[in-house]
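A.B. asks: Going left to right, the sequence shown walks through residues 78 to 658 as the working numbering numbers them. In this text, a Cβ means the ideal position worked out from N, Cα and C, and glycines have one as well. The structure is given below, and queries will be raised subsequently.
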Amino acid sequence: MSETDAKRAKRPLVVGGVPEHFNYPWRMAQERGIFKRCGVEVDFREQKLGTGAMVSAAKDGSLDLIIALTEGLVADIASGSDLRLLGTYVGSPLTWAISTGNKSSINSVEDLRKGKFGVSRIGSGSQLMAYVLAIQRGWNPEEISFEVKGDINQLCTGVDDLSTDAFLWETFTTKPYHDAGTVRRIGDITTPWPCFMIAARQSVIDERLPEIQACLAAVHEAAQLFHTETEAMPPLIAKHYGLKQEDAKAWYEGVDIVANRFISEAALEKAVQALQVCKRLPPDEHVDVSKLLDTRVAELKRDLRSMKLYDRSELVVSLYKQLAANGLSTGPLKYTDLIPFDQHHYHGTAAVDDVIAKCHISERSRVINIGSGLGGPSRYMAATTGCLVLACEIQEDLSRTAMEMTSRCGMTSKVHHMTGDFMPLSQHLQRSGYDAVVSWLTVLHFQDRLSLFRQCHELLRPGGFFFAADFFARGALTAEEKQTLADEVGCETLAASLEDYKHELELAGFKVTTLEDMSEDWTAYTRERVNALTAKRKETGAIVGQDVFDRMLRFYSTVADLYKGGNLGGLQVVAQKPLGW
């Protein structure tokens, strides 16, 4: 150990983070003696210059641990540095407001296609997120341009004097400028990854592993307290960071500070993709995201967001490009305009009509749609029956786009969108308050079906209906088929038979009214879908982009091959919560 390393090993663990509300749990852990109780001495130092400066400080040894923006850490580590990720600090994404000037002719996000964006510096988050916006909207990222302006005041000046069309900046930091009328907010975008992660140099991890583990355990405990003290936290945040009470409350309710060892594989892959598009990483170089973390501390986590279909927001990109090709990029829509592009389950609206009939959905019904995707079935049910629909979707970009489409259809009074994991979200919903819970090819993503069924049973009124179109194991799946289902489809557990599926519903308290084996039908349907897509490859690829089309086609072909193998089956089930329950 060098003399410098020896000195560092004797000092407290020096942690750096931005002087923002996200890092309040570190203050809590210090003030409440949590670090001391966990047997570690921590010196938390606020870093005003952001991620780039913290990375440099970690490398020169002045900081041991840093809490920094995910994309900045990924860019540095993937470029060959000796930093490694230790865990996710803030699990929720960062929301960036999209702002333009009061004299600008820009009135919607779509008006920014081929626009000029003001950025704080080349390679900054403000530039990266403009590229992410282009990717999500289906624009050519090469057609947007940039002008370096500096800090937020200079960015505001840029859109005011029309030298730039817009800029992107963290929403709560920008809000005072919106409130004052300095600039106009025309939209927002969230990062497709958790906003803050924790990192350290490998040599520091080697030397101080027990202290690092104790430190992370302490801040995890503080983060849990932060989220349980719901009345006390917003006023404290407002006072300490100079925010309005209502802004502190809104931020507190939306943030998810997890401070844990789990890191989403899909989140890292999306960050790498965005960094490659903006050329902060070589575009054609493969990055093994598992090498970005230190597995003595952190663990790579696969989840639904790791499904191959969602890796590059294909459904969102395809939708925006199809709308543009049909002259529907902006302005009001009819729900029928979207039907060719927003019904991604089997048999389209005919399948939704069948569910409406079987579940007796009417204008008096309150319906939950689990895994609502781009919102197509939810809007269709609401438009054709007059029912109210709560559309729940875990994919942030799908849910955000679904909200936009619902708003453009003028249907926000009928369809309400919720983003997140259905199981924790549903804890806050009214018990016995819904007439139907429906899902198309979503239950297969839940590892604990019985808990899901029980939760749905609680949410339904007596006499209410549960519907699912789902997978089951028709035969003994091979090891390769199981791996493909897990890696490509996000499906790790299947009922061993139709009877097993029925039994689980009955254990949850349901009476199964219809249970159909759809295996032959879906085998034929998925193969026909692949053939139809292949026949239109040149035509559709020219609209949505050949790479986007080919990735979607590969995914659909994978599913068709699984059905063709004979071991993957499909089912449709309708179950009812008995009267008098």
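Would you call the segment 628 to 641 and the segment 610 to 617 in contact, with 3 or more CB pairs under 8 Å?
C.D. replies: yes
A.B. asks: Report the partner residues of glutamate 581 according to the DSSP bridge assignment.
C.D. replies: Its beta-bridge partners do not exist; DSSP assigns none.
A.B. asks: Identify, in the order they occur along the chain, each residue of the same chain with its Cβ nearer than 7 Å to the Cβ of alanine 553, setting aside the five sequence neighbours on each side.
C.D. replies: Asn644
A.B. asks: For the candidate residues Met488, Glu470, Phe523, Val466, whose alpha-carbon lies nearest to that of glycine 510?
C.D. replies: Val466
A.B. asks: Give the list of continuous beta strand (DSSP E) stretches no shorter than 3 residues that lie fully inside the segment 431 to 507.
C.D. replies: 443 to 447, 465 to 470, 492 to 496
A.B. asks: For glutamate 535, which option in Met500, Ala428, Asp564, Ala546 has the closest C-alpha, if you only look at C-alpha atoms?
C.D. replies: Met500
A.B. asks: Could you check where the alpha helix (DSSP H) with glycine 646 kicks off and where it finishes?
C.D. replies: Careful: glycine 646 lies outside any alpha helix (DSSP H), inside the beta strand (DSSP E) at 645 to 653.
A.B. asks: Considering only the beta carbon of each residue, do leucine 639 and glutamate 569 sit closer than 8 Å?
C.D. replies: no
A.B. asks: Return the first residue and the last residue of the alpha helix (DSSP H) that tryptophan 216 is part of.
C.D. replies: Element bounds for tryptophan 216: n/a, residue is neither H nor E.
A.B. asks: Is it true that the segment 172 to 190 meets the segment 255 to 269, where meeting means three or more beta-carbon pairs spaced less than 8 Å apart?
C.D. replies: yes
A.B. asks: Counting only runs that start and end within the segment 573 to 633, where is the alpha helix (DSSP H) found for 4 or more residues in a row?
C.D. replies: 575 to 584, 596 to 612, 614 to 621
A.B. asks: Helix, strand or coil, according to DSSP, for tyrosine 387 in the structure here?
C.D. replies: Legend: pLDDT at tyrosine 387 = 46, less than 50; position of this residue unreliable, value from coordinates given subsequently. It is helical.
A.B. asks: Tell me, please, which residues DSSP counts as bridged to leucine 55.
C.D. replies: No statement about residue 55 is possible, as the shown extent of the chain runs from 78 to 658 and does not include it.
A.B. asks: Assuming leucine 232 contacts phenylalanine 244 (C-beta within less than 8 Å), just tell me the rounded distance between them.
C.D. replies: Their Cβ separation, rounded to whole angstroms, is 4 Å, which keeps leucine 232 and phenylalanine 244 in contact under 8 Å.
A.B. asks: Would you report the Cα separation of glutamine 653 and methionine 495, rounded to the nearest angstrom?
C.D. replies: 24 Å
A.B. asks: Rounded C-beta distance between leucine 205 and alanine 343? I'm assuming under 8 Å.
C.D. replies: So it is not a contact: roughly 17 Å between Cβ atoms.
A.B. asks: With a cut-off of 8 Å, do at least 3 Cβ pairs link the segment 157 to 169 to the segment 331 to 342?
C.D. replies: Contact between the segment 157 to 169 and the segment 331 to 342 is present, because at least three Cβ pairs lie under 8 Å.
A.B. asks: Just the C-alpha distance for arginine 606 and glycine 453, rounded to the nearest angstrom, thanks.
C.D. replies: 18 Å
A.B. asks: Between the alpha carbons of threonine 483 and glutamate 306, how many angstroms are there, rounded?
C.D. replies: 35 Å
A.B. asks: Under a three-way DSSP split, which group does isoleucine 340 fall into?
C.D. replies: Three-state result, isoleucine 340: strand.
A.B. asks: How would you label leucine 630, buried or exposed, when you count the other beta carbons within 10 angstroms and need 16 or more for buried?
C.D. replies: buried
A.B. asks: Let me check one thing: in DSSP terms, what residues is arginine 122 bridge-paired to?
C.D. replies: Gly93
A.B. asks: Closest by CA to cysteine 464, which one among Asp474, Lys491, Glu470?
C.D. replies: Lys491
A.B. asks: Consult DSSP for threonine 267 and reduce its assignment to one of helix, strand or coil.
C.D. replies: strand
A.B. asks: Just the Cα atoms here: how many angstroms apart are leucine 90 and valine 236?
C.D. replies: 43 Å
A.B. asks: Could you tell me which uninterrupted beta strand (DSSP E) segments, each at least 3 residues in length, are contained entirely in the segment 506 to 554, listed from first to last along the chain?
C.D. replies: 511 to 517, 537 to 550
A.B. asks: Using the Cα positions of isoleucine 25 and aspartate 498, report the straight-line distance between them to the nearest angstrom.
C.D. replies: As shown, the chain starts at 78 and ends at 658. That puts residue 25 outside it, with no answer to give.
A.B. asks: Within 10 angstroms of the Cβ of glutamate 148, are there 16 or more other Cβ atoms? Answer buried if so, exposed if not.
C.D. replies: Result: buried.
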